[in-house]
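Peer 1: The structure's right below; bear with me while I get my questions together.
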Amino acid sequence: MKKSFNEQCYEILRKVPKGKVTTYKAIAEKLNSKAYRQVGRAMNKNPCGFLSGGNVPCHRVVGSNGKLVGFAHGLKKKEEMLKEEGVSIINGKVDLGKYKFEL
DNA sequence: CGGTTGACCAAGT
DNA sequence: GACTTGGCCAACC
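Its first residue numbered 35, the first sequence is counted upward by one per residue in this note's numbering.
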């Protein structure tokens, strides 16, 4: 039984440990696709889970260059949350060299 | 089933 | 350095 692309994104996102981040691109590539947009769209369309009791840290997902892109609550909130997790945000960007989680 | 869309990305202007 | 264009692919209408 194959899950939808979106659900697979959640699965991968769930694997990201606290204090680490990943990129939309990486996730899409892991799914053997280039549907970067589909990953982000999945988050927006669905309740992100983590707010509803699920464990889908959508805030741990950043852009391809560690740059914060989009977030339903606002990028500002996203930065705050990441900082709480131990990820330093510099100029609205994350240091992927230190915080990017290798899937 | 065809067309629009989207929390992207890379390159061009 | 900021904005525009094209491309990618799955989900949604």
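Glycine included, each C-beta is placed from N, C-alpha and C at the ideal position.
1) Do you know how far the Cα of ILE124 is from the Cα of VAL41?
2) Thinking C-alpha only, which one of GLY53, LYS127 and LEU47 is nearest GLY97?
3) Helix, strand or coil for LYS68, going by three-state DSSP, please let me know.
4) Whose C-alpha, out of ASN89, PHE105, HIS93 and LEU137, is nearest the C-alpha of VAL121?
5) Alpha carbon to alpha carbon, how far is ASN89 from ARG48?
6) List the DSSP bridge partners of GLY127.
7) Can you list, in chain order, the residues of its chain with a C-beta nearer than 6 Å to that of LYS101? Leave out the 5 residues immediately preceding and following it.
8) For the candidate residues ALA62, ASN66 and TYR44, whose alpha-carbon lies nearest to that of PRO81?
9) Would GLU79 be called buried (16 or more neighbouring beta carbons within 10 Å of its own) or exposed?
Peer 2: In short:
1) Note that residue 41 corresponds to Glu in the displayed sequence, not to Val. About 31 Å.
2) For the residues GLY53, LYS127 and LEU47, the minimum Cα distance to GLY97 belongs to LYS127.
3) Coil.
4) HIS93
5) 6 Å
6) In the sequence under discussion, the amino acid at residue 127 is Lys, which differs from the Gly named in the question. As computed with DSSP, LYS127 is found in a beta bridge with LYS101 and ILE124.
7) Listed in chain order, the non-local C-beta contacts of LYS101 below 6 Å within the same chain comprise LYS127, local neighbours out to five positions each way being set aside.
8) TYR44
9) Checking the sequence shown, residue 79 turns out to be Lys, not Glu. It is exposed - the Cβ of LYS79 has fewer than 16 other Cβ atoms within 10 Å.
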